[in-house]
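One structure is given here, and the rest of the page talks about it.
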């Protein structure tokens with residue numbers, strides 16, 4: 549699938565279509581940010597568990 553492209557020249561028009569495409573990108577960025585935060589949290593928990601296991 550993939551995200552619709554954002555063209556810089558379209559930003560000047562500020563059309564409803566451009567805003568819809570921009571919203572798609574914002575939603576995907578929020579999902580990615582949430583995933584990265586969870587990944588960091590899980591990684592920290594794994595490191596902590598390994599430290600407790602080895603000591």
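Numbering (the numbering used here), first residue to last: 549 to 603.
C-beta: ideal position from N, C-alpha, C; glycine also.
All values derive from a computational prediction rather than experimental measurement.
Euclidean distance between Cα positions of residue i and residue j
i	j	result
residue 603	residue 569	51 Å
residue 592	residue 562	42 Å
residue 551	residue 575	10 Å
residue 587	residue 596	14 Å
Given residue i as reference, the closest of the options once Cα atoms are compared
i	options	result
residue 566	575, 597, 554	554
Close beta carbons around residue i, own chain, < 8 Å, minus the five adjacent residues each side
i	result
residue 581	none
residue 572	551, 552
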